[in-house]
Amino acid sequence: RTQNGTKSDTFFEVTPRVALESQWAQHYLVLKGGLTDYSYNHYGKESRLDWDLAGEGRIDVQRGTQIAGGVSYRHTFEPRSSPDQILFAAEPTPFNVLHADARIESKPNRFGVAAGVIFDRYQYDPTQVIAGPPSSNRDRNYDGVEVFGRASYEFSPGYSGFLHFAYNTRNFDTALDRNFVNRDSTGYRVNGGLQMELTRLITGEFYGGYLVQSYKSPLGDDKGFNFGANITWTPTQIVTVRLTASHIINETVVATTAGVATDSNEERVGLGVDYGFRPNIILHGDVAYLHDKIGRAHV
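Note that the numbering used here has the sequence shown beginning at 630, numbered continuously upward.
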């Protein structure tokens, strides 16, 4: 986090996972969990252990109609690259995410509709600093609720166009954060895109649209073009190419002499290739570009 005197290290990442998955002719249920251990060679305080538990299920009501949902809990740590990770932190800040979602989908013919709700609870532990008592992060804890609707139409075998609308609210535990501003907000996204499934060679979707996240005064709004993609291409049985893109508005409590930050506007594009040397040995290669812009309100 400094321009000069940078430090380097090597680390090992070990990720055991387990899943119990149903194989029923109808309906579906999976229980899964895992650990990720990051062990640093020299700077031991950077070492950490992430873990998560999740359950997902689906009820097939009738042909073309289903009800699905899931719940998960994740314990992880804020990376040093996060704008909210304070410079004098002795070690990465731990935080927890509780996620739950439910949706109903119906596609009896070429026309399909879906609707659902998503709940996320973010809870940050205190940050251990180099000197002095831990720094509280209670003002960063919040609940996020999103409701969405989606309509699609399969205009050609393997091709479906869709429209997606989502509305969200974000409510913080504290009325004012450490900068004495109220960070509660509401927002929406409107997207249109294309979903593809061509004999399993090319699958996924991409979309573009518009998003708005409105904060209380003096933070103002963040709005603009929205985009996303998640496409998989399998040219051969041993090669898989993955293209991903996302635009996310993250919460932040960053403040500088230029003003208090409204949010963290994150845009990301990634490309990955998987090559199977053997059925049980796969080489993963990934490259990504991330642009994280901090929107500021002059207060």
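Idealized CB from N, CA, C, for every residue including glycine.
| Query | Result |
| --- | --- |
| Closest to HIS913 by CA distance: which of LEU919, ASP903 and LYS922 is it? | ASP903 |
| Can you tell me which of VAL746, ASP806 and GLY849 puts its alpha carbon nearest to the alpha carbon of GLY773? | VAL746 |
| Name the two residues that bound the continuous beta strand (DSSP E) containing ARG646. | 646 to 650 |
| Contact between the segment 696 to 708 and the segment 716 to 729 is defined here as three or more beta-carbon pairs at a separation below 8 Å; is this criterion met? | yes |
| PHE640 bridges to which residues according to DSSP? | TYR669 |
| For THR865, which of GLY905, PRO847 and GLY761 has the nearest alpha-carbon? | GLY905 |
| Near ARG925, which residues of its chain fall below 6 Å by C-beta distance, leaving aside the five closest residues on each side in sequence? | ALA887, GLY888 and ALA890 |
| Pick from GLN655, VAL659 and THR639: whose alpha carbon is nearest that of ALA648? | VAL659 |
| Between the segment 762 to 778 and the segment 853 to 862, are three or more C-beta pairs nearer than 8 Å? | no |
| For ASP806, which of helix, strand or coil comes out of DSSP? | coil |
| Helix, strand or coil for ASP768? Go by DSSP, reduced to three states. | helix |
| So the beta strand (DSSP E) THR869 belongs to, where does it begin and stop? | 868 to 879 |
| Please say whether HIS728 and GLY571 have beta carbons closer to each other than 9 Å? | Not covered by the structure: residue 571. The range shown for the chain is 630 to 928. |
| Should VAL810 be labelled buried (16 or more other beta-carbon atoms within 10 Å of its own) or exposed? | buried |
| Spatial neighbours of SER781 within its chain, please: C-beta separation below 6 Å, excluding the five flanking residues on both sides. | GLY741, SER789 and PHE791 |
| Note the first and the last residue of the continuous beta strand (DSSP E) segment covering PRO723. | 723 to 735 |
| Is the Cβ-Cβ distance between TYR771 and ARG807 less than 9 Å? | no |
| Is LYS674 helix, strand or coil by DSSP? | helix |
| Throw me the rounded Cβ distance for the ASN859 and GLY837 pair, which I believe falls under 8 Å. | No, ASN859 and GLY837 are not in contact; Cβ-Cβ is about 14 Å, not under 8 Å. |
| Would you say the beta carbon of PHE801 comes nearer than 8 Å to a heavy atom of the ligand GDP? | Absence of the ligand GDP is noted for the structure shown, with no ligands found whatsoever. |
| Assuming TYR657 contacts GLY684 under a Cβ cut-off of 8 Å, what Cβ separation, rounded to an integer in Å, is found between them? | 11 Å between Cβ atoms; not a contact. |
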